[in-house]
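Engineer: So that you can map any letter, position 100 of the sequence shown is 99 in numbering that gives the first Met the number 0, and since no number is skipped, the others follow by simple counting. Backbone N, C-alpha and C define an ideal beta-carbon position, used for all residues, glycine too. Got a structure for you, questions after.
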Amino acid sequence: MTTQDFTIVDAIESDPSPANAATMRAIYTAIFDAALDNGGTVHASTVREHLPSYLRNEPRIGAAMSALARCGAIRPTGEYRPSGNTKSRNANRPTPVYEVRDLSEIAGRAA
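What follows is the structure, encoded as structure tokens:
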């Protein structure tokens with residue numbers, strides 16, 4: 000993973016809405032914490048475990064995961080699991096499991 004891959008995460012700092020920036024920071028942190036706890040793989044349901052209860056059904060979890068996949072920070076493994084979002088009509092819709100490209104880079108940034 001390169002510094003360029005983190006552009007999407009670093010852009011949070013320039014968000015004009017403090018509440019939105021705080022939510023997105025919590026989501027991205029939860030994504031990387033989930034990857035660290037799961038041997039480098041991450042899924043929406045494992046991310047929810049790392050979020051405060053009021054953010055566990057936040058619809059932007061999927062958007063954040065998709066953004067990380069688009070920029071190449073994570074890549075799909077080909078495995079799918081139910082999303083686990085209890086508030087969504089897509090609660091049981093399969094969503095992809097992703098693999099972090101370079102977990103050691105994320106662990107270094109988290110330290």
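1) Should Asn114 and Arg47 be called a contact, given that it needs their Cβ atoms to be closer than 9 Å?
2) With C-beta atoms as the reference, is Ala72 less than 9 Å away from Ser82?
3) Give the secondary structure of Pro17 by DSSP, where H, G and I count as helix, E and B as strand, and everything else as coil.
4) Going along the chain, which residues of its own chain have a beta-carbon closer than 8 Å to the beta-carbon of Glu57, five neighbours each way excluded?
Structural biologist: Walking through what the data contain:
1) The question about residue 114 has no answer here: the residues shown for the chain are numbered 0 through 110.
2) Working through the sequence shown from its first residue, we reach residue 72 at position 73. Working through the sequence shown from its first residue, we reach residue 82 at position 83. Going by C-beta atoms, Ala72 is not nearer than 9 Å to Ser82.
3) Position 18 of the sequence shown, counting from 1, holds the residue named residue 17. Correct three-state label for Pro17: helix.
4) If you number the sequence shown from 1, residue 57 lands on position 58. Its chain contains Thr22, Ile26, Leu50 as the residues whose beta carbon lies nearer than 8 Å to that of Glu57, once the 5 sequence neighbours on both sides are disregarded; these appear in chain order.
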